[in-house]
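First comes the structure, then the notes that go with it.
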Amino acid sequence: MSIPTVAIGALGGTIASTSNAHDGSEIVPTLSAERLAAAVPGLEELAEVRAETLAQLPSPSLDEPTVMRALRWAQAAVDAGAVGVVLTQGTDTLEESAYLLDLFWDRPEPLVVTGAMRSPQAAGADGPANLLTAVRCALAPASRGRGVLVAFDDEIHQARWVAKTDSMSTSAFRSPVFGPIGRCVEAEIVYGVTAGRPAPLPPPQDEGADPRVPLLATYLGDDGHVLDALSPAGIQGVVIAGFGAGHVSAAMAEAVGRKSSELPVVFASRTGSGPTGRAMYGYPGSEIDLLARGAIGAGWLSPVKARLLLWALLATGPADAARLRAEFAARGTP
-3 MSIPTVAIGA
7 LGGTIASTSN
17 AHDGSEIVPT
27 LSAERLAAAV
37 PGLEELAEVR
47 AETLAQLPSP
57 SLDEPTVMRA
67 LRWAQAAVDA
77 GAVGVVLTQG
87 TDTLEESAYL
97 LDLFWDRPEP
107 LVVTGAMRSP
117 QAAGADGPAN
127 LLTAVRCALA
137 PASRGRGVLV
147 AFDDEIHQAR
157 WVAKTDSMST
167 SAFRSPVFGP
177 IGRCVEAEIV
187 YGVTAGRPAP
197 LPPPQDEGAD
207 PRVPLLATYL
217 GDDGHVLDAL
227 SPAGIQGVVI
237 AGFGAGHVSA
247 AMAEAVGRKS
257 SELPVVFASR
267 TGSGPTGRAM
277 YGYPGSEIDL
287 LARGAIGAGW
297 LSPVKARLLL
307 WALLATGPAD
317 AARLRAEFAA
327 RGTP
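Note that this note's numbering has the sequence shown beginning at -3, numbered continuously upward.
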């Protein structure tokens, strides 16, 4: 009896890292996709695995062009017959990679991202278990139509809401407010919500498109100096991680107004949970004030995901204010 095909693409990260030190320190990505798959007991009984090493990078060295190349590889894998795709990578930027992939993933087949918090040589290495869960997720018929998913520690998360919330724990990934959408229980993928997601964006006409969109976090006493110092000749947009529901100081608000006249400025909440406001506060630097100055609220999107959405929109179309506001309103809402 034939078994389904799953494609596994490896980008590096802790899940693929080994050490030459006697104490297991100083790990670096070295393992291929084939070796990662071979280390998972029982995987060959679930699926025919097509494994390919796409990169061997530490998570902080991933960038948008690399992720977009992985996207095109995953699309080609599905077109070649895979019923689902799994990408492995480092965890530091996993929440960002997964969301960028989700913005453009235009297939009903599942694309599942996973990684590990412990290297393969560490006691209690979590990579094999996470990879096995990810493959099961990619195979599950109930995973179809859900876009890009993150499988970690036996939980399934939507790419749009998941975040790395702990620097060391094997249960580092959470979805603040909304929680995971599914779990792997006794080898079965179980979902608690129905499938649904925003429509994918069209692919960039220029495969090399890479808009420069910095992310600035506001802070106590922020006077807008850093924002003013950003030259519109060198960037295409900017995202502000604001206090509370997206607030900034009165001085920073003036800078936001000046910058909004030159290019798109998005404000998000740096709190880690909850949306930007729309109509509660009216002081200088409040959400009402920033909206009046031309800035765009990120809604429920975290600052890093608001930055990726702005990057994606600028890579696929004009920086039209009405278009950007409409997309953030739609994609920043549960």
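Glycine is no exception: its CB is placed at the ideal position from the N, C-alpha and C atoms.
Owing to the predicted nature of the structure, the values given are computational and were not obtained by experimental measurement.
Please state whether the Cβ-Cβ distance between residue i and residue j is less than 8 Å.
i, j, result
"residue 244", "residue 264", "no"
"residue 144", "residue 109", "yes"
"residue 237", "residue 216", "no"
"residue 0", "residue 127", "no"
"residue 190", "residue 87", "no"
"residue 306", "residue 262", "yes"
"residue 299", "residue 327", "no"
"residue 271", "residue 315", "no"
"residue 60", "residue 96", "yes"
"residue 58", "residue 93", "yes"
Among all the DSSP beta bridges, which residues are the ones paired with residue i?
i, result
"residue 160", "169"
"residue 211", "235"
"residue 153", "146"
"residue 2", "45, 80"
"residue 25", "13"
Between which two residues does the beta strand (DSSP E) carrying residue i extend?
i, result
"residue 107", "107 to 110"
"residue 179", "178 to 181"
"residue 187", "184 to 187"
"residue 244", "Note, residue 244: premise wrong, no beta strand (DSSP E); not H, not E."
"residue 131", "Counting along the chain, residue 131 falls outside any beta strand (DSSP E), though it belongs to the alpha helix (DSSP H) covering 123 to 135."
Tell me whether residue i sits in a helix, a strand or coil according to DSSP, three-state version.
i, result
"residue 56", "helix"
"residue 382", "Past the edges of the chain, shown from -3 to 330, lies residue 382, and the structure says nothing about it."
"residue 100", "helix"
"residue 46", "strand"
"residue 256", "helix"
"residue 15", "coil"
"residue 317", "helix"
"residue 61", "helix"
"residue 81", "strand"
"residue 36", "coil"
"residue 7", "strand"
"residue 292", "strand"
"residue 51", "strand"
How would you write the range of the alpha helix (DSSP H) that residue i sits in, first residue to last?
i, result
"residue 329", "Element bounds for residue 329: n/a, residue is neither H nor E."
"residue 312", "299 to 312"
Taking 7 Å as the line, does the beta carbon of residue i fall inside it for any heavy atom of the ligand HEM?
i, result
"residue 126", "The ligand HEM is not part of this structure, which contains no ligands at all."
Say whether the segment 0 to 8 touches the segment 20 to 29, bearing in mind that this needs 3 or more beta-carbon pairs closer than 8 Å, one atom from each stretch. yes
Below 8 Å, how does it come out for the segment 144 to 159 and the segment 195 to 202: are there three or more Cβ pairs, yes or no? no
With contact counted as at least three CB pairs below 8 Å, one residue from each stretch, are the segment 319 to 327 and the segment 284 to 298 in contact? yes
Are the segment 178 to 193 and the segment 43 to 54 touching, with three or more C-beta to C-beta distances below 8 Å? no
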